[in-house]
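Going line by line, the protein sequences match chains A and B.
Here our numbering is used: the first sequence runs in plain steps of one and ends on residue 269.
Here our numbering is used: the second sequence runs in plain steps of one and ends on residue 284.
Remarks on the structure that follows.
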Amino acid sequence: MIGSVGAKTIGGINNMGRFGRFVWQSAIASFRICTSPRAYALIWTQMHIIGVRSVPVVMITGAFVGMTLAVQTYGQLAAMGLEERLGVLINIAVVKELGPVLAAVMLAGRVGGALTAELGTMNVTEQIDAIRSMGTNPIRYLVAPRILACLLLTPILIIYGDLMGIVGGYFVSVIQFGINSQAYWTHSASGVELWDVTIGVAKGFFFGVAIAAISCYKGFTCKEGAQGVGRACTEAFVASFICILMLNFGIAVVCKAIYSTFWSLKTLV
Amino acid sequence: MKHNKKENVPRASGDNGVIVLENITKRFGPNLVLDNVSLVIEKGKTTVVIGPSGCGKTVLVKHLIVLLRPNSGEVYFKDRRIDNLSENELNKVRTQYGFLFQGGALFDSLSVAENIIFPIRQHWEITDWREVEELVKAKLAMVGLDGYQNQFPANLSGGQRKRVALARAIALNPEVVLYDEPTTGLDPIRSDVINELILKLQRELAVTSVVVTHDMTSAYKVADRIIMLHKGRIVADGDADHIRNHPHPIVQQFIHGQVDADDLAVLRMSGKISQAQFLPRDFE
Numbered sequence: 001m002i003g004s005v006g007a008k009t010i011g012g013i014n015n016m017g018r019f020g021r022f023v024w025q026s027a028i029a030s031f032r033i034c035t036s037p038r039a040y041a042l043i044w045t046q047m048h049i050i051g052v053r054s055v056p057v058v059m060i061t062g063a064f065v066g067m068t069l070a071v072q073t074y075g076q077l078a079a080m081g082l083e084e085r086l087g088v089l090i091n092i093a094v095v096k097e098l099g100p101v102l103a104a105v106m107l108a109g110r111v112g113g114a115l116t117a118e119l120g121t122m123n124v125t126e127q128i129d130a131i132r133s134m135g136t137n138p139i140r141y142l143v144a145p146r147i148l149a150c151l152l153l154t155p156i157l158i159i160y161g162d163l164m165g166i167v168g169g170y171f172v173s174v175i176q177f178g179i180n181s182q183a184y185w186t187h188s189a190s191g192v193e194l195w196d197v198t199i200g201v202a203k204g205f206f207f208g209v210a211i212a213a214i215s216c217y218k219g220f221t222c223k224e225g226a227q228g229v230g231r232a233c234t235e236a237f238v239a240s241f242i243c244i245l246m247l248n249f250g251i252a253v254v255c256k257a258i259y260s261t262f263w264s265l266k267t268l269v
Numbered sequence: 001m002k003h004n005k006k007e008n009v010p011r012a013s014g015d016n017g018v019i020v021l022e023n024i025t026k027r028f029g030p031n032l033v034l035d036n037v038s039l040v041i042e043k044g045k046t047t048v049v050i051g052p053s054g055c056g057k058t059v060l061v062k063h064l065i066v067l068l069r070p071n072s073g074e075v076y077f078k079d080r081r082i083d084n085l086s087e088n089e090l091n092k093v094r095t096q097y098g099f100l101f102q103g104g105a106l107f108d109s110l111s112v113a114e115n116i117i118f119p120i121r122q123h124w125e126i127t128d129w130r131e132v133e134e135l136v137k138a139k140l141a142m143v144g145l146d147g148y149q150n151q152f153p154a155n156l157s158g159g160q161r162k163r164v165a166l167a168r169a170i171a172l173n174p175e176v177v178l179y180d181e182p183t184t185g186l187d188p189i190r191s192d193v194i195n196e197l198i199l200k201l202q203r204e205l206a207v208t209s210v211v212v213t214h215d216m217t218s219a220y221k222v223a224d225r226i227i228m229l230h231k232g233r234i235v236a237d238g239d240a241d242h243i244r245n246h247p248h249p250i251v252q253q254f255i256h257g258q259v260d261a262d263d264l265a266v267l268r269m270s271g272k273i274s275q276a277q278f279l280p281r282d283f284e
């Protein structure tokens, strides 16, 4: 039993080491292709596949998050006569936490799964070896454009998700429950700070890189056969999902500390 | 993998060797795939590596271009040790190789022309696209597929895919072309087309070829030299006549395609097939 635990621990550390090395190589390759205009076409193509095609699904997710929050919280606030403050609750939850996290989870499923399946299939059909055999670095050609596309577009997709969440919340609160529109927006504007929006959008950079790096790594290291590719896709989604939640927690702790230290001083400035 | 730069010094192979493997051992976990293999690939010649499935042929050929690194031993290309180079340094060396993969390994999302342009675009500064188009046309004409530029790999037959992959492999005018099972999965006529192409490339471009195959018709046709691998070791090495008359029973069994006596005994003892079959009536 001790031997088995030891072997699993060593295997886990080995995997972490390989992943760390992969991320490091990917980061170097990403910096390098930023200075290579020839690679811009690759990044552009990936931005279209990863970003543009994800807009509808992220917007639908955002809208339903906003609407559901309105439905779930209206009763409690109305009972206390605070229904006009519903906008603060919905919008701060959407902008700061639920919007970014759920948009990232949607991306992990839609984009992460596709990246792992594509690169995994390329791996088992020796296309990645073919790239290497032609004297090209596959991380630079395949991984770096995908990481950059995710890095640049996840924050923008989060903005789309946030907007639709706000619209969804407004639709249910004002149109369905009849809350006064002006009061709804006034309270929302006073409750949601620029800091909240910034943090929510900034999370997108971390989530985007995590999704792309994990998905590409799983694709590059997947085992042979249809089962190998399928397993890699599942592992990529689960790992991305856990990573998103862990990053979200870490960012929340760090941002809270920064906010407590600096943002309260803004009134003095 | 340790990269010992001090050992990266020119090596005099002393003969006409363009690629030299010295005491290569490769393991995948507990499996010993290559066991202390030493080999010199001669310049301008076609060396064919034969052996049963799983004997390490593909692993051997991937060591020639260092797509796999050995656990121990050394790989030299034109007297320069290459198995300890970084991937960036290896990329420069690899431009002198062409590699035809077993399944072709064409990029599905790119057209035939784009597949052939891929290595050119990666390594050459393209100033005149008409020149590149002419080059693609010439490479495709060489494999008899001019006019297929705008087709996608999914629309091609197995033989056509291999020919396009071969056109891509020779796009950078390599000195060495490695073929991994070039005729596997093709009918005899298409296999012969590939054999003729291998001979044509050697004749017209004077490339050094290494062909991994278990197709003996193909091996006899294209080989200047045949090497047989068995359980990770070289058991026979010589020209076609030498292999035909080789005294080793494993070699004779392989080249004549005879089933192993032990396997045959197991098959005979395993009972009649009809006894092992479930028929629809068994479920009624």
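Cβ atoms here follow ideal geometry from the backbone N, Cα and C, with glycine treated the same way.
Check whether chain B comes within 7 Å of residue i, counting only Cβ atoms and requiring the distance to be less than that.
i, result
"S173 (chain A)", "no"
"E224 (chain A)", "no"
"T125 (chain A)", "yes"
"A232 (chain A)", "no"
"T136 (chain A)", "yes"
"S215 (chain A)", "no"
"R132 (chain A)", "yes"
"D162 (chain A)", "no"
"D196 (chain A)", "no"
So with Cβ pairs under 7 Å, would you call residue i a contact of chain A?
i, result
"A105 (chain B)", "yes"
"F101 (chain B)", "yes"
"P119 (chain B)", "yes"
"Q151 (chain B)", "no"
"Q122 (chain B)", "yes"
"T184 (chain B)", "no"
"K2 (chain B)", "Low confidence applies to K2 (chain B): its pLDDT is 39, below 50, so where it sits in the model is not reliable, and the reading given next is rough at best. So, not an interface residue."
"L67 (chain B)", "yes"
"R268 (chain B)", "no"
Below 7 Å CB to CB, which residues in the same chain sit around residue i once its five sequence neighbours on both sides are set aside?
i, result
"D180 (chain B)", "T58, V61, L100, F101, Q102, V212"
"P10 (chain B)", "Here P10 (chain B) scores only 44 on pLDDT, less than 50, and its place in the model is too uncertain to base an answer on."
"V23 (chain A)", "A213"
"K139 (chain B)", "I116, A167, I170, A171"
For residue i, does the count of other Cβ atoms within 10 angstroms reach 16, so buried, or fall short, so exposed?
i, result
"N16 (chain B)", "exposed"
"K5 (chain B)", "Interpretation of K5 (chain B) is limited by its pLDDT of 39, a score under 50 that renders its predicted location unreliable; the figure taken from the coordinates is listed afterwards. When all chains shown are included, K5 (chain B) counts as exposed."
"L153 (chain A)", "buried"
"N91 (chain A)", "buried"
"A261 (chain B)", "exposed"
"G11 (chain A)", "exposed"
"C216 (chain A)", "buried"
"F237 (chain A)", "buried"
"G98 (chain B)", "buried"
"S260 (chain A)", "exposed"
"R32 (chain A)", "exposed"
"I242 (chain A)", "exposed"
So the alpha helix (DSSP H) residue i belongs to, where does it begin and stop?
i, result
"T364 (chain B)", "Because chain B here runs from 1 to 284, residue 364 (chain B) falls outside it and cannot be looked at."
"Y148 (chain B)", "Looking at the DSSP string, Y148 (chain B) is not in any alpha helix (DSSP H), and its letter there is neither H nor E."
"H242 (chain B)", "240-244"
"R225 (chain B)", "Per DSSP, R225 (chain B) belongs to no alpha helix (DSSP H); it is in the beta strand (DSSP E), 225-230."
"R27 (chain B)", "Careful: R27 (chain B) lies outside any alpha helix (DSSP H), inside the beta strand (DSSP E) at 17-28."
"L178 (chain B)", "Segment 176-180 is the beta strand (DSSP E) holding L178 (chain B); no alpha helix (DSSP H) there."
"V136 (chain B)", "129-142"
"S4 (chain A)", "2-34"
"T68 (chain A)", "55-79"
"G120 (chain A)", "113-124"
Name, please, each residue of chain B whose Cβ falls closer than 7 Å to the Cβ of residue i.
i, result
"A29 (chain A)", "None at all; the shortest Cβ gap to chain B is about 11 Å."
Quick one: give me the first and last residue of the beta strand (DSSP E) that residue i is part of.
i, result
"H63 (chain B)", "No beta strand (DSSP E) holds H63 (chain B); the alpha helix (DSSP H) holding it covers 57-64."
"L34 (chain B)", "31-42"
Find the residues of chain B that neighbour residue i, judging by a C-beta separation of less than 8 Å, and give them in chain order.
i, result
"M47 (chain A)", "What M47 (chain A) touches in chain B: nothing, since even the nearest Cβ is about 16 Å away."
Keeping to the same chain, check which residues put their C-beta closer than 6 Å to that of residue i; ignore five residues upstream and five downstream.
i, result
"Q253 (chain B)", "none"
"D215 (chain B)", "T183"
"M228 (chain B)", "I50, G51, V235, A236, V251"
Determine the chain A residues that contact residue i at a beta-carbon separation under 9 Å, and present them in chain order.
i, result
"R94 (chain B)", "R132, S133, M134, G135, T136"
Tell me which same chain residues have a C-beta within less than 8 Å of the C-beta of residue i, skipping the five on either side of it?
i, result
"A228 (chain A)", "Here residue 228 (chain A) turns out to be Gly, not Ala, going by the sequence shown. Once the five neighbours on either side are set aside, the close Cβ partners of G228 (chain A) are G120, V124, C222."
Report the neighbours of residue i on chain A: residues whose CB is nearer than 7 Å to its CB, in chain order.
i, result
"N91 (chain B)", "G135, T136, N137"
"Y97 (chain B)", "S133"
"E87 (chain B)", "N137"
Could you check whether the Cβ of residue i sits closer than 7 Å to any Cβ belonging to chain D?
i, result
"A27 (chain A)", "Structure shown: chain D not included; protein chains present are A and B."
Should residue i be counted as a contact of the ligand MN given a C-beta to heavy atom distance under 6 Å?
i, result
"I50 (chain A)", "With respect to the ligand MN, the structure shown offers nothing to examine, as it has no ligands at all."
Whose Cβ in chain A lies nearer than 8 Å to the Cβ of residue i?
i, result
"Y76 (chain B)", "Chain A residues near Y76 (chain B): none, gap ~18 Å exceeds 8 Å."
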